[in-house]
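Below you'll find the structure, written out as structure tokens, and then a few comments.
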Amino acid sequence: MAHNYWLQSGYAFLQTNAEGHLVVTDEFLRFLLERPELAPIETSCAAEIELHQYLSDDPRREIKQDQLASLQDADARDNYAVWLRFRQRILAHPTLEASYLALFQGSGVDVPPLLVHQISQILLRHILKDDATAMQVRIAEMFFRTQKITVLDDGVVMAADEETVERLATQSSFGTLGDLLQKGGIKLKSVDLDVLQPESADEYWSRSENFDWAVQLNHGQPALDALCDVMALWIKHFLGVSVRIQTEKDIDDDQWVWHVGLDAQASGVLNALYQGEEVDAEKMERMLCLFSLRFLDCNDMSVQVRGKPVYLAMAMDAHQRLQLKPQNLLLNLPLTKRS
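Numbering follows numbering that gives the first Met the number 0, with no gaps: position 250 of the sequence shown is 249.
Structure, rendered in structure tokens:
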């Protein structure tokens, strides 16, 4: 069954080219202009209102420094400068996919994570299409929203949207429970978040933008199978190569020739282990899951490591947060060099 979801992401304002990639439109740029950081408010000065209208009429117009300098509010000047830099980045290449990849190449990302995450969400919406399962869409949230991880007493590993957890933690109705959550003693059952299961999948769609479903990340759970699917689709869309990804319980040292950390924490641990270094117990305990990635066509893989699996891993940080970096899957795989 087809489902429409993430309606506020801006995906509907983009166009698709013949290769199935996204093209930025004027309508999408206008949509970005209506972000709360830019939309005029009652206290906006006349110059700010005029600039917003000027760009709304033609969102590709060049803006001079004196136009920005005329804005009375310093935050407004900064926000417009950020928007203009972001506009430059997403218009620098023919497709949004190419612009996304370019963000992580060169001297480093120079736009706020919030905007990078919005582009990630839009790209995932495009890749997953209308026939994705609720579990695939929920797990895709992990690509652009930080997760709060809780390990329950029985060993169950739960992931919930950090922003949602913090919002619930500060609601007065939770009283002392809210205080406990804020101080890091989080137990998801106390927050009363629904856990997404196959039998509750139909309930996800009407709440897809609430980001209020928890998922279980233990080995053998549907959420990890969905994560494997989403990662494979992500790679196929950007790189044009087909891979099979599955969960693993450990690494076969004889097969270990390449790895990719799905976040900064896992990258550090994998690099250290590969170099034969000792990793302290706390960091090892924060490792959440291990995967193996195999290319369906070995010719897509670099000759030096051909036929071997690529190990992937994800881990939470010391504050029990999981912050995936989906770009690592696109920039760090051992691909055959192409002309």
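Cβ atoms here follow ideal geometry from the backbone N, Cα and C, with glycine treated the same way.
message: Between which residues of its own chain and residue 226 is the CB-CB distance below 6 Å, once the five residues before and five after are set aside?
response: On the sequence shown, residue 226 is found 227 positions in, with the first residue counted as 1. 138.
- prompt: Per DSSP, what kind of secondary structure is residue 256 in: helix, strand or coil?
  reply: Taking the first residue of the sequence shown as position 1, residue 256 is located at position 257. Coil.
query: Helix, strand or coil: how does DSSP classify residue 287 here?
result: Within the sequence shown, residue 287 is the residue found at index 288, counting from 1. Correct three-state label for residue 287: strand.
- prompt: Is DSSP giving residue 149 helix, strand or coil here?
  reply: Translated into the one-based positions of the sequence shown, residue 149 becomes position 150. Here residue 149 sits in strand by DSSP.
field: Residues that residue 309 bridges to, as DSSP identifies them
entry: The residue you call residue 309 lines up with position 310 of the sequence shown. The partner list for residue 309 (beta bridge, DSSP) reads 292.
field: For residue 326, the first and last residue of its enclosing beta strand (DSSP E)
entry: Here residue 326 refers to the residue found at position 327 when the sequence shown is read from its first residue. Counting along the chain, residue 326 falls outside any beta strand (DSSP E), and DSSP gives it neither H nor E.
- prompt: Which residue's Cα is closest to the Cα of residue 242: 148, 268 and 328?
  reply: As a first step, residue 242 is located in the sequence shown; it is residue number 243 there, counting from the start. Of 148, 268 and 328, the residue nearest in Cα terms is 328.
- prompt: Which residue's Cα is closest to the Cα of residue 58: 69, 300 and 27?
  reply: As a first step, residue 58 must be located in the sequence shown, where it is residue number 59. Looking at the Cα atoms, 27 is the closest of the given residues.
message: I'd like to confirm the pairing. Which residues does DSSP put opposite residue 244 in its beta bridges?
response: Here residue 244 refers to the residue found at position 245 when the sequence shown is read from its first residue. Partner(s): 292.
Residues of its chain near residue 173, where Cβ-Cβ distance is below 6 Å and the 5 sequence neighbours each way are ignored: Taking the first residue of the sequence shown as 1, we reach residue 173 at position 174. Summary for residue 173: the model assigns pLDDT 48, below 50, so the residue's position carries little reliability, and this model does not support an answer.
message: Based on DSSP bridge pairs, tell me the residues matched to residue 82.
response: The sequence position of residue 82 within the sequence shown is 83, counting from 1. Looking at the DSSP assignment, residue 82 forms no beta bridge with any residue, so it has no partner.
message: Buried or exposed for residue 357, going by 16 or more other Cβ atoms inside 10 Å?
response: Here the chain has residues from 0 to 338 only, and residue 357 is not among them.
query: By Cβ distance below 6 Å, which residues in the same chain neighbour residue 148 in space, the five residues on each side in sequence not counted?
result: In the sequence shown, the residue the question calls residue 148 occupies position 149. Excluding positions up to five away in sequence, the list reads 158, 315, 319 and 321.
- request: Leaving aside the five residues before and after residue 218 along the sequence, list all residues of the same chain whose C-beta is less than 6 Å from its C-beta, in chain order.
  value: The residue labelled residue 218 in the question sits at position 219 within the sequence shown. Cβ neighbours of residue 218 beyond the five flanking positions: 246.
message: Quick check on the DSSP output: the alpha helix (DSSP H) that includes residue 66 runs from which residue to which?
response: As a position in the sequence shown, residue 66 is number 67, starting the count at 1. Counting along the chain, the alpha helix (DSSP H) containing residue 66 begins and ends at 64-68.
message: On the DSSP letters alone, give me the boundaries of the alpha helix (DSSP H) that residue 117 sits inside.
response: As a working mapping, residue 117 is identified with position 118 in the sequence shown. Here the alpha helix (DSSP H) through residue 117 covers 112-127.
task: Leaving out five residues on either side along the sequence, give the residues of the same chain with a beta carbon under 6 Å from the beta carbon of residue 143.
output: In the sequence shown, counting from the first residue as 1, residue 143 sits at position 144. Within the same chain, residue 143 has close Cβ partners 116, 119 and 120.
8 Å Cβ cutoff met for residue 295 and residue 259: What you label residue 295 is simply residue 296 of the sequence shown in a count that begins at 1. What you label residue 259 is simply residue 260 of the sequence shown in a count that begins at 1. No, the Cβ-Cβ distance between residue 295 and residue 259 is not below 8 Å.
field: Rounded C-alpha distance that separates residue 250 from residue 290
entry: Position 251 of the sequence shown, counted from the first residue, corresponds to residue 250. Position 291 of the sequence shown, counted from the first residue, corresponds to residue 290. Rounded to whole angstroms, residue 250 to residue 290 spans 9 Å at the Cα level.
- request: Put residue 204 into one of helix, strand or coil per three-state DSSP.
  value: Here residue 204 corresponds to residue number 205 of the sequence shown, with the count starting at 1. If DSSP states are grouped into helix, strand and coil, residue 204 belongs with the helices.
field: residue 37 versus 82, 25, 0 and 20, residue with shortest Cα-Cα distance
entry: For the purposes of this step, residue 37 is taken as residue 38 along the sequence shown, with counting starting at 1. Closest option to residue 37, Cα to Cα, is 82.
- prompt: Do residue 95 and residue 31 have their CB atoms nearer than 8 Å?
  reply: Here the question's residue 95 lines up with position 96 in the sequence shown. Here the question's residue 31 lines up with position 32 in the sequence shown. Their beta carbons are not under 8 Å apart, which means residue 95 does not touch residue 31 by this criterion.
field: Three-way DSSP call (helix, strand, coil) for residue 5 in this model
entry: Taking the sequence shown and counting its residues from 1, one reaches residue 5 at position 6. Coil, per DSSP.
- prompt: What are the residues that DSSP puts in a beta bridge with residue 42?
  reply: Counting from one through the sequence shown, the residue named residue 42 turns up at place 43. According to DSSP, residue 42 bridges with nothing at all.
field: Rounded Cβ spacing between residue 135 and residue 228 (contact assumed at less than 8 Å)
entry: Numbered from 1 along the sequence shown, position 136 holds the residue referred to as residue 135. Numbered from 1 along the sequence shown, position 229 holds the residue referred to as residue 228. Between residue 228 and residue 135 the Cβ distance is about 6 Å, and since that is below 8 Å, they are a contact.
message: Going by DSSP, what residue range makes up the alpha helix (DSSP H) through residue 158?
response: Reading the sequence shown from its first residue, position 159 is the one you call residue 158. Not the alpha helix (DSSP H): residue 158 falls in the beta strand (DSSP E), residues 156-160.
- prompt: By a C-beta neighbour count over all protein chains shown, 10 Å radius and 16 as the cutoff for buried, is residue 180 buried or exposed?
  reply: Here residue 180 refers to the residue found at position 181 of the sequence shown. Confidence in residue 180 is poor, its pLDDT being 47 and thus under 50, which makes the residue's placement too unreliable to answer from.
message: Distance check for residue 272 and residue 279, CA to CA, integer angstroms please.
response: To locate residue 279, count along the sequence shown from 1; it is residue 280. To locate residue 272, count along the sequence shown from 1; it is residue 273. Cα to Cα, the separation comes out at about 11 Å.
Beta-carbon proximity list for residue 177, same chain, < 8 Å, skipping 5 on both sides: Along the sequence shown, one-based indexing puts residue 177 at 178. Low local confidence applies: a pLDDT of 47 at residue 177 is under 50, so the model's placement there is unreliable, and no value is given.
query: In three-state terms, what does DSSP make of residue 0?
result: Indexing the sequence shown from 1 puts residue 0 at position 1. Residue 0: coil per DSSP, three-state reduction.
query: Out of curiosity, what's the CA-to-CA distance linking residue 211 and residue 163?
result: The residue you call residue 211 lines up with position 212 of the sequence shown. The residue you call residue 163 lines up with position 164 of the sequence shown. Those two C-alpha atoms are separated by around 6 Å.
task: Using 10 angstroms around the beta-carbon of residue 268, count the other beta-carbons present and answer buried if the total reaches 16, otherwise exposed.
output: Your numbering for residue 268 matches position 269 in the sequence shown. Its Cβ being crowded by 16 or more others within 10 Å, residue 268 is buried.
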